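For reference, the structure is listed below as structure tokens.
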Amino acid sequence: MGRVDADAQILPPGCQNVQERAGVLPAGDSRQHRAPRRRQLLPRHECHYPVCQIAFHQPLDPCLSKQWRNAAHTGRRATPSLQYAAGRACSTAPAFAKARGFGYTSPTPAREHRVRFRVAAAQIKPKKADYRHNLARVGSLFAQIDAMDPRPDVLVLPETVFSGYFLQGGVREVARSRSDLFADLLDLYRQRTRTPGAALDIAAGFYELAEGKYYNAGIYATLALDGSGIEPGILHVHHKFFLPTYGVFDEKRFVSRGRSLDAFDTRFGRAALLICEDVWHSLTATVAALEGAQVLYVLSASPGREFEGAQPGNVARWGRLLPGMAEEHGVFVVYAGLVGFEGGKGFTGSSQVVDPWGRPLAVGPILDECLVEALIDLDDVAAARAVSPLLADLEANLPDLVLELEAIARKPHRA
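First residue of the sequence shown? That's 11 in the working numbering, and the numbers climb one at a time after it.
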């Protein structure tokens, strides 16, 4: 892979988060976990909004804090079960599969292990159109993760992290096949990881060349060293379903849109990938939840805009969308946002992890590179859905809703 670029710096931790305040995650020393210094934006970028500090929410309630604290001291799992939370398979997936006309098989008949895992969302500034440089930066991140104690189980990287976002026709130069990208990631992981038997799941955004077309894509894969007992491989690739072509966006001119929204099984429960604009249409998260997803990984490259308020308008919008989709469907949401500037347009970052009650567990800063960590316990999915059974209500009414949607699809386009 060649040597790591000199400016491929290790990411700072994403500050103390809600779980650290509640005693769930180790706090470390104050130098590692203090809030980032407020930075002045460069005048040439002409962005006049303040860079916001991380906004901490109230500590978790005592009951929930105890659950998280116990989870933190239980230790790591060798082979987590894929069973849906609360000891029963999610009932929405079979009904939705039937409505869509295909069969469904629950991954496991009974829950054998409680599924807990640590996730890290990295907001990175890529070098535009330089695949090798950006790959080297991810390699530095692999080394950083390998040195962490405890190590994250899942690493989430933003949309188009290997190339930058605003490439237009340059997409053709940086696009990779999924197999080539996976081979590069696996080789790099094995070079930069020293812990014997270590494995890491990764979700990351890239421009893909597949069957003669270019896509804005997200990959979910397992990386593992020899002797880990875990098989490395690609678990899923998602093609961005909604391509923004308005304002500063022009995706439809340069990439093809995806045609499916699917959940998939991982070592850490059932998951789905969504990319940026996908989330701005609420139906995508609904489809993923009905397919059984317990965790939604959202990969984003969101440029700052609407600077009238205390936060950029896009950051405020994400602050409403992510907790809303988490609470409505009773799922965890892990959001990784790109940072840096491309052609005067600044990506805002603000990565975060949201629990199934819609409460942010950790929130990253605006504009700065960082690594945001949180602990996920999939039993909380069932607990949230028991308190607010909106997904079960949706499943019960799904046959009628499918008929309505089919009728709407047959009507002339009216938008």
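By construction, the Cβ of each residue, glycine as well, lies at the ideal position given by its N, Cα and C atoms.
Because the structure is a prediction, the values reported are computed rather than measured.
- Per DSSP, the beta-bridge partners of S266 are Y225.
- D190 and G228 have their C-alpha atoms some 14 Å from each other.
- Beta-bridge analysis with DSSP links D387 to R126.
- Between E318 and N324, the alpha-carbon positions lie close to 11 Å from each other.
- Pairing C380 with L151 gives a Cβ-Cβ distance that is not under 8 Å.
- Residue pairing by DSSP places F274 opposite A281 in a beta bridge.
- Within the DSSP secondary-structure output, I244 pairs in a beta bridge with A231.
- S187 counts as exposed, since fewer than 16 other C-beta atoms from the protein chains shown sit within 10 angstroms of its C-beta.
- If only complete runs of 4 or more residues are kept, the region 131-200 shows the alpha helix (DSSP H) at 141-157 and 181-184, in order along the chain.
- For D211, the secondary structure class from DSSP, reduced to helix, strand or coil, is strand.
- Residues of the same chain with a CB within less than 7 Å of the CB of A185, apart from the 5 flanking positions on each side, are Y217, E218, L219 and Y224 in chain order.
- Burial check for L415: the Cβ neighbour count within 10 Å stays below 16, so the residue is exposed.
- Between L377 and G356, the C-beta gap is smaller than 8 Å, which places the two residues in contact.
- Per DSSP, L348 lies in no beta strand (DSSP E) and is assigned neither H nor E.
- Secondary structure at H249: strand, using DSSP grouped into helix, strand and coil.
- Its chain contains L233 and P242 as the residues whose beta carbon lies nearer than 7 Å to that of L196, once the 5 sequence neighbours on both sides are disregarded; these appear in chain order.
- Note on geometry: alpha-carbon atoms of A157 and R128 lie some 15 Å from one another.
- Within 10 angstroms of the beta-carbon of A311 lie 16 or more other beta-carbons, which makes it buried.
- The beta-carbon separation of V341 and L293, rounded to 15 Å, does not stay under the 8 Å limit for a contact.
- DSSP places A372 in the uninterrupted beta strand (DSSP E) bounded by P370 to V373.
- Residues of the same chain with a CB within less than 7 Å of the CB of R204, apart from the 5 flanking positions on each side, are D156 in chain order.
- About 6 Å separates the beta carbons of G359 and G374, which is inside the 8 Å limit, making them a contact pair.
- Following the DSSP letters along the chain, one finds L306 inside the beta strand (DSSP E) bounded by residues V305 to S310.
- Excluding its 5 nearest sequence neighbours in each direction, G268 has C-beta neighbours in its own chain below 6 Å: H249, K250 and F251, listed in chain order.
- V181 is not a Cβ neighbour of A131, given a cutoff of 8 Å.
- The C-alpha of A213 is placed about 11 Å away from the C-alpha of Y345.
- For T358, the enclosing beta strand (DSSP E) has its first and last residue at K355 to T358.
- Selection A295, V265 and V171 evaluated against A281 yields A295 as nearest (Cα-Cα).
- Burial check for N407: the Cβ neighbour count within 10 Å stays below 16, so the residue is exposed.
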